[in-house]
Each structure stands twice: as C-alpha cells, then as structure tokens.
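Colleague: In the numbering used here, the protein residues as written are 22 to 841. Pasting in a structure now, in structure tokens, and then I'll have a few things to ask.
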Amino acid sequence: MDAERRDGAGSSILNPQSSIPSVYCPRMRRVAGELAVILIYLVLAVLFTWPLAPNLSTAVSDLGDPLLNAWILDWVCYGLLHQPFNLYDAPMYYPGKLPLAYSENLVALGLLVMPFYLAGVTPVALHGIATLLGFALSGYGAFVLARVITRHFVASFAAGIFFAFVPFKFDHLPHVQIIFSAWVPLLLAALLIYWRKPTLRHAIFFGAMWVLNGLTNVYFLLFLAATSIVTFAFFALVGERRPLRFWIGLGTTLVCAMLVLLPFFIPYRIVAKEYKMKRWAGEVQPGSATWNDWLVASPASRIWGDVADAAKRNPERHLFPGMAIVILTLAAFAKRKREIAAGETLGPMGPIGPMGPMEGQLTTDHRPRTTRAERALELLIVLALVLAYIGAATDRVEWKIGDTRLMSMNTSDIPMVLAIVAAAIRYREAIRRFVRRSRFTLEEQAAALWIVVGVLGSLGLNSFFYTFFYMRFGPFSAMRVPARWAIVAYAGLAVWGALGIRELLQRTNRKMLVASVLTVVVAIDVLPQPVRWEQALVEPAPVYRWLNKTRVGPVVELPIWGEGIEFLYLLGATAHHVPIVNGSSGFEPPIQSSIRNAEHDVRYDEMLRLIEGTGTRLMIVHADWLGERRAPVVDLLRANLASGRLAFLRRFDHDYSGDYVFAFTRNFPDWQRLRAEEVPDGSGHLPAQNLERFFEGKATFSNETLARVEEPRPYDVVTGPLRVKGWALSPHGIRRVTVRFHAGRHKVDAELQERGDVKQLYTWYYYTEKPGFEVTLPERPAWMPERTDVQVEIEDRAGRVTRTRDVLIEWRSPPRNAAR
C-alpha cells in the first residue's frame, strides 16, 4: 500500500496505469495511450453531434451566437497574426472601445484552431472543429481528474463520458465556450497533484490551467476562483499541515498566472468602467436556478427530455444531470471502509500515524472546558444566523437611533458567510476529527465539496453564496446566468460517479462485463436527441470581397438590426476585417444603442446623423433585407443624395435586388475613386438606372443564381407528405435542382417546371427555360427526426453551385387513425 501511495503521489497525470513502474511505460507509449483516449472521446463527439462532422463548413446550431463565436475565433486568429498588441480592437461596433471585451475572448480556442486557420479553414468550420474538440477534451479532462482520485481507468473513462456530454452542454450548443469546459476538471486535478507533491512541474501545470480557463471562459474563471478559495480553505482546515514553502509556491503560481492573464483582462476592466457594464438584479434573477431546476431535464436529452413538465422549463436552467450519475454517486457511499496507509492505525478519533496522534487530537476522553473565546464565537454564530434569517425574510431592515442609521441590510449573504467562517473556527478540531474518520479520502471529499459549491453557485441570487460575490466583487456583477455554475457540480459528480463504478466493480468477479455495462449505461443516460444543424451560407457576398480589396472603412450596413441580420453581418465581416458599426455581443456601446433605437423608431435622419458623427465612410444597403423599412430608407437616400451628403458608388449582386454602396462625402472626400464605371449590366441598365429601379421596387439584373423556396416556409409544422416548391434562375440556365433534407443526408433531384410569372418578372434570363421546381416526399423517412431542415442546391450550366437559405421545419408523421 505504501508503494502504491508513493507512486500515486508522484506519478504524472499522463500515466493511466499509475501503479506500473515507469520502466515498463516508455514516454511515447504513455503519450500514445493518452491520445487514444482523446480519440475515442472525439469519435463519441462526432457520433453524438451527427451530422455536424460531414457539414463542418456550414453547420451551426442556429444563426445567432454560433456566428458571433465564429467571428471571434476568426478575428483572434487574424489578430494574433497581424496585430497581437491590439487584439481587443476588433472590427465591430465601431467606434466602440475594445469590442472584443464585450464577450468571451476565446484566445485559448483561437490558438488551438490556429493550424486549421492557417490551412484556410472557414470561420464556421473553425467553430465546428472547436465544438467537437470541446466535447472531446472536456471528456478527457474529467477522465484525468477521476483517474487522479480513483486510479481506475474504466471508471474514469465513464466519468469523462458523463462530463463531456451531460445534457446541459447540448442546451448550450451555441456557446462553444461552455462546451469547451476541459480546464474545469483539470484545474481540480492540478490542485490535487500539487497538494500531493508540490514540484515545479506540478505548479506550472496548475498555473497553466488557470490561464487556459481565463482565455476560454471568463464565467468559468470567476466560478473557479470562488470554488478554489473554498477548496483551499477546506484543505487548510482539515488537511495535513503544509510547510510555508508550499503556500509560497502556490501563491507564486497564482500570481504568475494572473500576470499572464492581466493583459487579457485589463480591456475588460476598461470597458466595464467606460460603459458601466453591470448586470442588474432584474437581469441576473432569470438566470438564477432554483432547487427545482436540478430536477428538470433538458429537452435535448433523449432519455429524460420528455419527462419534465414543459411549464417548468426555463431556458439555460435545465440542470438535471441524468439518473445514472446520481445512482452511481449513491453507490459510492457503499464504500465499506477507508484505506489506511502503511504505518497508520485507525484510532477512535481518526488515523494515528507512526509519529503519534493526529495534530490537535486528544488521546483521552477528557475535554477542556469551553473558553470565553469559544463562547463568543458561538454567540456570534447564533447572532449571524438570526441576521441571515431576517435578511432573507424581509426586503430591507434598518436600525436607527434618531436620524442616525446604525445598520441596514437587505440580503443574508454577509451574515451567512460570517456564520460559516465563525463555525469553521469554533469547531475546527471537531471538523478535522470528522473528516479524518470519514470513509472517504480528502480528495474525494474535495470533489464532493465541488458538487455543493456548484449547486449553491447555480442558485444565483436565490442563495447567499452567489449573492455574496455578486454584491461584493465587481467582475461577478457582469455575469447574467449564474446557473452555468452547474459545470463545477458536474465536475464533482463525474468523480463520484467514477467512485461508484469502482465500488461496484470491487463487489463483483465479472469486472469486465460489469465495467462495460456501466460505461454503456452512462453513455445512454446522456445520449442527446438528434441535433438539427442549420446550414449557414458561408460564401462571402461580392460586396464583402470588394471591401477586402479596397480596405475602406469604417462601414455601416442597413438595416441595423432585425431577424438576426447582425450575426450575418459578423459572418460577412470575416471576409474583410474592415471596421463596421454593426455588431452583436454581450454588451452594446451607447452610440450603437442610440443608432439602433433611432432606426427602430423610424427616426432615420437622426440615425444618419449619429452614424455620420462616428466618422463612418461607407454605407451598404441590403435591399432585400429592408422589409417594411424599404419606403423610409428610400426616402432617406433620395433626400441625402440630392443634398450631396451621400454619394452613390456602386451596386453588387446579392439575393434578388442587390447591395448598394454609398459614401458619406464629408467623411470620405475622395469617394470618386471608388465609383463604378458607367457600364451597362447584362440587362442593359447603367448603375444609376439600377439605383432608380431599386428605389421604385423593380427587379434588377444579377449575374448570380437566384432562387426562392416557396414551400415549406420557415418553422412550418408539416403532417403527412412534404412538398418542396420554388424557383431558380441563372443567366447561364439551370442544369439541375437538388433538394437536401436533414443537412444533406437525404437528397432528391427536383422536377423542373414552367413558371411564367417568374420569367415575366426577370425577363433577361433567356437561358432558363423552366425556372420552377418541385419535389414531394410522401412520408418522412424512419431515420429522419421530426425536427429537420430543407435546403435547395442549384447547379447552373456554367457549373456554378448555389444553395438557398436553410428552411427549418418540424415534419410529423400523421396519426395512425388518420392513416386509416
């Protein structure tokens, strides 16, 4: 036993067989073993997220936050290569200060996917790769943590499956920074390894986990900072006394990690002060979980998704971890006795080592009388609990003498923290004796502590714990969803699930069979519903390719907002990296808020004045995206073109009506150099004539392939046969039209049809004889989930392939009695 303990304390975390002497495990073999584990988790990630892998270049969970994160990853890679010292001056929300600091910086993920970026992988594909790696490495991180504590390979592997694919993660598919949670369990693993053996190597590993957490998810960094404080206090309270050099090394490691992170966090501090970025209680409360939320399963769970009442569901608060991990955690409590190290005996108060009783332990039944200091602490505990109850039961309490306010209180956080600290001091020896006599090791209890802290933290403003940090420490007040603290609890549950598996395996002779069954059960328990991936149009519009060549900016795009177009602007910006006024992030600068509100209230003159005041030089108007705002925007353009405030530069093919570029003449005096030549297009119209046709709502010529899906409409609920109908045009003629179902897994060639109405509208597409297309599927294939998508792919006779926007639908099978 002594040899095993020494090996476990000093072995590398990269050695899955920590009890095997290193002479039989060459370094390359160990590394190959670790890579094999990661590869298995990666394969599981591909299977659990299918069909993401074959659609990496286009697939996103939705056209919102994934596009923002794809833009961030693209910008981080671009910025690190071209302007590393101005990384936070991202080209969004111009002229906002340090826009990258309005959300997660994702620097660690950017570094991870940098090789793919250099290879020319598109931003959406970078996001997909980061998602798959996030699942896989999160599983590996939990595997390492569980192996450090349990020293059991199979149990640890199952723990990794749980942590990687817990249903909570699939609620957050748009948030790659949450999926990529590998550093959370690795931080606890690093802390435990350093606690066992405080070497320089282990200190560096511990510091690296801090840095990687900070460069991936600021939420998690703050969660782990608070959790680590509690963990350090727990170790100091009940653990073996460590020499001063241990704490000096730990402190030095943390200081070095903070120094590395400082340049990345200063921008957050600057913008928080500049824009007073704080989440008020009304914003934080909806993101604060309740105890009931820990019993509500995510709708993404295939096993438990239909169990919870829909009325009890709250976005981002489906925290039920699954039944298997709960049962395995309970099984861990069946542990018969604690293992005692060589040279120790188990006395009535706990382990007694070779050097005598545990420090502070009494060897007789006599107890000293309670001292005055101890009585004072007991009184303080009672008083603090009373104040905590008053603070929780009332909105606000004030004590006054005359007009002088002695004390006021509207929360229970400070009294509760005070009561806990006082109780820890008063009953320190009793707590130490209890912990030492426990069947569970200090490390196992630390994992249990993470479960408790994670659950309490997820309650947000509904508990004293998070309220204490929110009210007293500025960075916590910028967080909107405390429920995400659940990730800390999941890391602890992964360990205790592994402990349960280990305990069950110790009670059977058929270890291989039982281990396989338990691993499969854990995997099935977290199995997600089939994911409906939306297919983004990633080919840059011609106007964005032009911006990449001219490098003229800043640019504003109209309309400013509506139906997620701000995310499409960010995706387009990855093609040129020119500063744009538009954007979307966790926060919005005041000038952008004013511009957006002016557009919303149809105060276009004020909107134009605000935009011009920012120094913006170009304005792009997306004609097809204006919708009901077309008339006021056209009036605005006519008036300001007539006054000379704006100048028309050129039109670009895009969608049906095109994109139109204008210059703010005051901000861009030499705008004439970018003006298009007066050359007629394929319909014989000059640029100025095309502008007038746009104003009059008439069709304009496009050299691009045009297509429209008329049926089904977005988010239609279809029962029975599914008909896909629409039209497509190309100046070169149409060779084929293929309808793609469920991310292209099922493809059907459409029948081309006559469409006189379309040909009459676009009279110059002479070579497209039959612009109409139609496909009817009598029933949904058995393998296809109800929540699916439809996309049309067109190939013209010039060999150009174009796809329409994805149409998300719900395709239900008809009731059985209806079929009869």
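Yeah, the Cβ is synthetic: ideal placement off N, Cα and C, and Gly gets one too.
1. For H193, which residues from the same chain have a beta carbon less than 6 angstroms from its beta carbon, with the 5 sequence-adjacent residues on both sides left out?
2. Going straight from the alpha carbon of M49 to that of G162, what length do you get?
3. Can you check whether the CB of E699 is closer than 8 angstroms to the CB of L707?
4. Using a threshold of 8 angstroms, state whether the C-beta atoms of V305 and G481 are closer than that.
5. Where do the N-terminal and C-terminal ends of the alpha helix (DSSP H) with K780 fall, by residue?
6. Closer than 6 angstroms by C-beta to L208: which residues in its own chain qualify, once you throw out the five before and the five after it? Chain order, please.
7. For N643, write down the residues that DSSP places opposite it in a beta bridge.
8. What are the uninterrupted segments assigned as alpha helix (DSSP H) that are 4 or more residues long and contained completely in the region 68 to 153, given in chain order?
9. Compare the C-alpha of N126 against each of I93, G155, Y114 and L525 and name the closest.
10. In the DSSP assignment, the beta strand (DSSP E) including G747 goes from what residue to what residue?
11. Give the straight-line distance between the Cα atoms of D2 and F673, rounded to the nearest whole angstrom.
12. DSSP state of R51, grouped into three classes?
13. Who does G793 pair with in a DSSP beta bridge?
14. For R262, which three-state DSSP category applies?
15. For A668, which three-state DSSP category applies?
16. Pair every Cβ in the region 150 to 169 with every Cβ in the region 289 to 302, then say whether three or more of these pairs are closer than 8 angstroms.
17. Write down the C-beta distance between P307 and T635 rounded to the nearest angstrom, noting that I regard them as a contact closer than 8 angstroms.
18. Give the single residue among H173, S309, A544 and F486 whose Cα lies nearest to the Cα of I346.
19. Apart from the five residues on each side of it in sequence, which residues of its chain come closer than 6 angstroms, Cβ to Cβ, to T432?
20. Could you tell me the distance, in whole angstroms, from the CA atom of A394 to the CA atom of L401?
21. Go ahead and pull the three-state DSSP assignment for E814.
22. Leaving out five residues before and five after G585 in sequence, what residues of the same chain have Cβ atoms less than 7 angstroms from its Cβ?
23. What does the Cβ neighbour count give for W312, buried or exposed, with the cut at 16 atoms within 10 Å?
24. In this structure, how does DSSP classify Q693 when only helix, strand and coil are distinguished?
25. Counting only the same chain and skipping the five closest in sequence on each side, list residues whose C-beta sits under 6 angstroms from that of F191.
26. Alpha carbon to alpha carbon, how far is V516 from W466? Give it in angstroms, no decimals.
27. Short of 8 angstroms in beta carbon distance, which residues of its chain neighbour I508, apart from the five on each side in sequence? Order them along the chain.
28. To the nearest angstrom, how far is the alpha carbon of R501 from that of V128?
29. Within the chosen definition, does the region 168 to 179 reach the region 528 to 544 through at least 3 CB pairs nearer than 8 angstroms?
30. For the region 203 to 228, list the alpha helix (DSSP H) runs that are entirely contained and at least 4 residues long, ordered along the chain.
31. DSSP three-state call for H767: helix, strand or coil?
32. So is E772 buried or exposed if we call it buried at 16+ other beta carbons inside 10 Å?
33. Just to confirm, are E816 and R756 a CB contact at a threshold of 8 angstroms?
34. Which stretch, first to last residue, makes up the beta strand (DSSP E) that contains A728?
35. Just how far apart, CA to CA, sit A468 and P87?
36. With respect to the beta strand (DSSP E) encompassing W832, which residues constitute its N-terminal and C-terminal limits?
Modeller: Result, derived from the coordinates:
1. I199
2. 20 angstroms
3. yes
4. yes
5. G777 to L782
6. M230 and L245
7. Residue identity check: residue 643 is His in the sequence provided, not Asn. Bridge partners of H643: D680.
8. 86 to 103 and 128 to 139
9. I93
10. L743 to L750
11. The structure shown does not extend to residue 2, since the chain is modelled only from 22 to 841, so the question has no answer here.
12. helix
13. W748 and Q774
14. coil
15. strand
16. no
17. The pair is not a contact, with the Cβ atoms about 33 angstroms apart (cut-off 8 angstroms).
18. A544
19. G412 and T488
20. 10 angstroms
21. strand
22. L84 and G85
23. exposed
24. helix
25. A321 and P549
26. The sequence shown places Gln at residue 466, not Trp. Straight-line Cα distance between these residues: approximately 10 angstroms.
27. F189, I199, S202, V205, F241, F244 and G475
28. 21 angstroms
29. yes
30. 204 to 217
31. strand
32. exposed
33. yes
34. L727 to E732
35. 32 angstroms
36. V828 to R833
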